[in-house]
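Basically our numbering = 1-based index in the sequence shown + 54.
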Amino acid sequence: MAEETELQKQKAKNLVADQDYYTPTQTVTQTDAEGNKKEYTIGGTLYKVDQETTNQLVLDEAAAAQTRLNMKQASEEDVYLKTQFTNQEMIAADAASNLKKLEYESIGAQDRKTEGIKGFERRKALETEGIEQRATAETVGEQTRKTEGEKGKQERLTQKEGLSESGKQARETQAERYAGERGLEETKGSEARLLTAATGEEARETQAERYAGERGLVETGGEQQRETQAEKYAGERGLATTVASEARETQAERYAGERGLVETGGEQQRETQAEKYAGERGLVGTKGSEERLTQAERYAGERGLIGEGGKQTRLTRETEGEQARKLEETRGGQTRKTDMQRESFRRYKEDRDYSQARGAVRA
């Protein structure tokens with residue numbers, strides 16, 4: 055009987071141990087007149103037990119219920135703790151992400167500012183370079199225009215003076231030549247008229263003498279005829295002599311006038327050539343002086359441009375270095391803050407896990 059009771063108790067324990075915590079036990083209880091349990095139907099099996107076994111079963115059922123409650127509460131606590139851990143990790147991840155985003159935003163803002171300053175300085179450098187180059191080009195163009203204008207002016211003046219002087223000398227030469235020719239023609243006319251008058255007079259005298267001789271021919275025919283003939287020949291010889299002398303004097307005066315004209319023309323040409331060369335030398339000197347001044351101004355402008363470019367480049371490099379240092383300083387500060395927050399959160403997790411472990415051990 056005792057062995058059968060122990061076997062039933064063991065079967066009841068095994069039955070209770072094999073059941074699911076959340077599945078209610080199907081039990082059919084029969085009591086006696088005193089209210090004590092005598093029979094149990096569990097899982098379709100009828101069990102008959104005594105009072106001690108009944109008490110043990112009640113205790114086992116209470117222990118099992120308490121165990122299930124404890125396990126359920128432990129599961130709920132575990133789910134709660136895991137949820138809290140997950141939430142804290144998500145919060146930490148969000149905080150880290152926000153810090154990283156802030157860091158990247160700060161880095162991007164600093165990079166944008168740096169690039170903006172670089173672009174601004176580059177634009178300023180290019181603008182200054184363009185201004186200086188345009189000013190240099192304007193100065194070069196202005197000086198070139200002035201030089202070319204002065205050159206043209208001097209050339210026009212030289213040409214004008216040359217043409218004016220040449221025309222003046224030509225006109226004077228022409229006037230002198232015409233005056234000489236007019237004088238020559240006047241002399242020729244005068245001499246011709248004198249010759250004609252003398253010839254007419256001599257002819258008339260000869261005719262008178264001839265008529266007189268003819269009238270006195272009877273008296274002095276032969277003598278007068280010889281005298282008349284002698285005087286005629288003498289008059290012709292004097293006429294020829296006078297004509298030749300006048301012709302030689304006229305020829306000499308003409309040659310003298312032509313020689314004077316040639317001398318005057320050569321002298322005027324030499325003076326014109328000298329003035330032309332003097333004007334060209336002055337023009338070349340002025341042109342060289344202006345070109346040297348233009349070259350000096352261009353070199354001065356280029357030196358100023360190079361100096362300004364170097365100055366702007368140094369300022370740009372200083373600004374870049376300063377911005378890079380500030381960027382590294384900001385980046386280091388943000389990194390240190392991020393590391394401090396991570397260390398603080400790690401310590402918090404360690405303290406929390408340690409507190410939870412101690413609470414579990416105490417429980």
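All residues carry an ideal CB built from backbone N, CA and C; glycine is no exception. Note that the coordinates shown come from a computational prediction; the quantities given were computed from them, not determined experimentally.
Less than 8 Å between C-beta atoms, sequence neighbours within five positions excluded: which residues of the same chain meet that for residue i?
i      : result
Lys222 : none
Gln208 : Gly333, Gly336, Leu337 and Thr340
Leu135 : Gln410
Leu369 : Glu175
Thr77  : Note on Thr77: pLDDT 40, under 50, position unreliable in the model; no value is reported.
Gln377 : Gln164, Lys167, Thr168 and Ile171
Run through DSSP, which three-state label would residue i get?
i      : result
Gly221 : helix
Gly267 : helix
Ala417 : coil
Pro78  : Note that Pro78 scores 42 on pLDDT, short of 50, meaning its location in the model is unreliable; the coordinates nonetheless yield the value given after this. Residue state, collapsed to three classes: coil.
Rounded to whole angstroms, what's the CA-CA distance from residue i to residue j? Just pull it up for me.
i      : j      : result
Val297 : Lys242 : 10 Å
Glu277 : Gly289 : 18 Å
Arg210 : Glu204 : 10 Å
Arg236 : Leu249 : 19 Å
Glu259 : Leu293 : 15 Å
Ala149 : Lys380 : 24 Å
Arg21  : Gln327 : Outside the displayed span of the chain (55 to 417) sits residue 21, for which this structure offers no information.
Gln238 : Ala229 : Note that residue 238 corresponds to Leu in the displayed sequence, not to Gln. Using only the alpha carbons, I get a separation of about 14 Å.
Asp407 : Lys126 : 21 Å
Ala252 : Ser299 : 15 Å
Val415 : Val133 : 18 Å
Glu263 : Arg291 : 18 Å
Glu404 : Gln105 : 53 Å
Asn124 : Ala116 : 12 Å
Gln349 : Arg313 : 53 Å
Leu347 : Thr212 : 24 Å
Leu217 : Tyr309 : 28 Å
Ala354 : Gly364 : 15 Å
Thr295 : Glu317 : 32 Å
Arg199 : Glu215 : 23 Å
Gly361 : Thr182 : 11 Å
Thr107 : Asn141 : 50 Å
Glu130 : Ala118 : 18 Å
Arg400 : Tyr158 : 23 Å
Glu307 : Lys330 : 34 Å
Arg177 : Glu372 : 16 Å
Glu281 : Gly267 : 10 Å
Ala257 : Arg302 : 25 Å
Arg247 : Thr304 : 15 Å
Gly195 : Gly375 : 40 Å
Tyr402 : Asn109 : 50 Å
Apart from the five residues just before and just after residue i, which ones in its own chain have a Cβ nearer than 6 Å to its Cβ?
i      : result
Ala179 : Gln366
Glu344 : Thr201
Arg231 : Leu315
Gly311 : Gly234
Gly98  : none
Leu156 : none
Thr392 : Leu153
Gln323 : none
Thr193 : Glu351
So, for residue i: in the same chain, excluding its five sequence neighbours on each side, which residues have a beta-carbon less than 7 Å away from its beta-carbon?
i      : result
Thr384 : Ser160 and Gln164
Gly270 : Gln278
Ser220 : Thr326
Gln138 : none
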